[in-house]
Amino acid sequence: MKRRRITPMDVAALFCAVGFLVTGGLTLRDLLRSTREDAANRELSLQVSQAAEAVLPAEGPYTQEGILRRYEPLSRQNPHMMGWITIPGTKLDCPVMYTPEDPEWYLRRAFDGSDALSGSIFLGEGCVPEGNHLILYGHNMQDGTMFGELPGYAAADYAREHPDITLDTLRQEGTFAVMGAFYCQVDGEDSFPYYQYPSFSSQEEQEGYLTEVLARSLYDTGVRPAWGDRVATLSTCSYVGEAGRFVVVAVEKKSSKEEK
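Everything in the sequence shown is counted per my numbering, starting at 29 for the first residue and increasing by one.
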């Protein structure tokens, strides 16, 4: 039998097949790794729940040092932990890390400091846990972990279904109402340097920031802050443009403040 001649199309098909297998292998590898990392974070969440259940009514929610008891065990494990973030009805339920000497140290590290594809949620440069503006960063993971579900806030219906963000520091509970969400570029004509506002030094500065947020927001939730209300800005990659970001801004609810 005469052997079939290999054509350029055959070679191209072979390269495509190999490329598919390699890409598929990498995707599978990343998926398995992300699943392991998600399981580790769910274990941390379980520890918080167990610590909360172990608190006796007579003890009160805070330790003598002023730390919320449900977070104390984890804060002893890793002093870089500054708090906890949860968006009810989503996968987001994990610790927030704080390393002022190297703000992005947890960009690709898990709670225990090991290498992690999904990284950790962390407090941005210049911000402090006790400050009036908390800028948080997290990866936009395709499996929905970390800030992977955050872009859902591009839709007003999603914001109505998930209106609140729980953001506690070790010393302060907080519930924040979503004010707006927008896409922007880090550089260029459409840029908005939200990351340059680690705190608000005056009412005018806060109002200027939030006015820009409202002007860019994809919808209006009706939430309007007052001077002194804490603001939380959550940032993740949007994959729109070369330096695209998707940002959600929320304001501390009055009921949350009154409970303190």
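No residue lacks a Cβ here, since even glycine has one placed at the ideal position from N, Cα and C.
query	result
The alpha helix (DSSP H) with Thr-239 in it runs from where to where?	231-244
Leaving out the 5 sequence neighbours to the left and right, which residues in its chain are closer than 8 Å to Arg-136 when beta-carbon positions are compared?	Asp-143, Ala-144, Leu-145 and Gly-147
Quick check: the Cα distance between Phe-274 and Ser-266, rounded to an integer number of angstroms?	5 Å
Quick one, are the C-beta atoms of Ala-209 and Ala-243 less than 8 Å apart?	no
Considering just the uninterrupted stretch of the alpha helix (DSSP H) at Asp-185, what are its terminal residues?	184-189
Alpha carbons only, please: which of Pro-128, Pro-123, Asn-106 and Arg-64 is nearest the one belonging to Asp-196?	Pro-123
Do you know how far the Cα of Ile-193 is from the Cα of Gln-200?	14 Å
Starting from Pro-123, trace the alpha helix (DSSP H) both ways and give me its first and last residue.	Segment 121-125 is the beta strand (DSSP E) holding Pro-123; no alpha helix (DSSP H) there.
Does the segment 170-189 come within contact of the segment 246-254, defined as at least 3 CB pairs closer than 8 Å?	yes
So Gly-166 packs on Thr-264, CB below 8 Å; how close in whole Å?	6 Å
Helix, strand or coil: which one does DSSP assign to Gln-213?	strand
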